[in-house]
Structures are given as structure tokens and as C-alpha cells.
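In this text, residue positions in the sequence shown follow the working numbering: the first is 40, and each later residue adds one.
Every residue, glycine too, gets a C-beta built ideally from N, C-alpha and C.
These notes are about the structure you will find just below.
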Amino acid sequence: VPKITVVIGGSFGAGNYAMCGRAYSPNFMFFWPNARISVMGGPQAAGVLAQVEGVTKKKRGIQWTKEEEEKFKAEVVKAYDREGSPYYATSRIWDDGIIDPADTRR
């Protein structure tokens with residue numbers, strides 16, 4: 040039985056595994072143009088990474104202003120938006136391409 044995955048929205052973390060993500064070796068994996076794929080969403084990742092960075096800075100005795108934290112978070116979200124794009128994945132041949140939603144059943 041062939042496994043064909045079509046990502047039509049967000050595919051994050053454990054949900055990616057549950058829906059036959061790349062780790063489960065689907066025979067084909069396609070994305071809609073609006074799909075997103077990553078370990079977690081950008082804002083969630085930014086929050087987690089900012090907490091880790093804040094603890095690290097505190098241990099080193101470094102003061103971290105709210106503005107610096109917000110800038111850090113914005114950069115993480117920007118990276119997740121860029122690298123979670125189906126165009127980013129397809130350009131690296133991590134999937135089988137982007138399809139027009141109207142062509143999904145063809």
C-alpha cells in the first residue's frame with residue numbers, strides 16, 4: 040500500500056509523525072503552498088529558546104533587556120517562517136514538491 044502524504048496546513052512536532060511525516064518514509068510527500076513544517080511553530084520556538092538564552096545569560100551574570108529578548112525572539116520567528124516554508128523544503132528536495140490545492144485529487 041503506497042503512503043502518500045499531503046501537508047495542507049501546519050505539520051509540527053509529534054503531529055508530523057502521527058500524520059506520516061518524512062520519518063515514516065512516505066512514498067510521496069507533497070505540500071500545499073500555505074503549508075508549514077518544523078519541530079514547532081515559530082512563536083513557540085522563540086519562547087522556549089528565549090527562556091534557555093535568558094537562563095544562560097543569568098548564569099553568566101549578563102543582563103538581558105526586554106528589547107534584546109524581543110529582538111532575539113523576532114529573529115527566531117523570522118528563521119522559522121523562512122525555513123518552515125514549503126518552498127524552502129522543496130528547494131532542498133526534502134519532499135516531492137508543492138501542488139496547487141485544486142490539483143490535490145488528480
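Take ASN66, set aside five residues on each side of it, and the residues of its chain with a beta-carbon closer than 7 Å to its own are PRO41, LYS42, ILE43, in chain order. Apart from the 5 residues on each side of it in sequence, THR129 sits with its Cβ closer than 8 Å to the Cβ of PHE70, GLY136, ILE137 in its chain, given in chain order. Secondary-structure assignment with DSSP links GLY49 through a beta bridge to ARG75. THR44 sits in a strand when the DSSP states are folded into three classes. Ranked by Cα distance from ARG75, the first of SER50, ALA118, ARG131 is SER50. Nearest neighbour of VAL78 by Cα position, chosen from ASN55, PRO72, LYS97, THR95, turns out to be ASN55.
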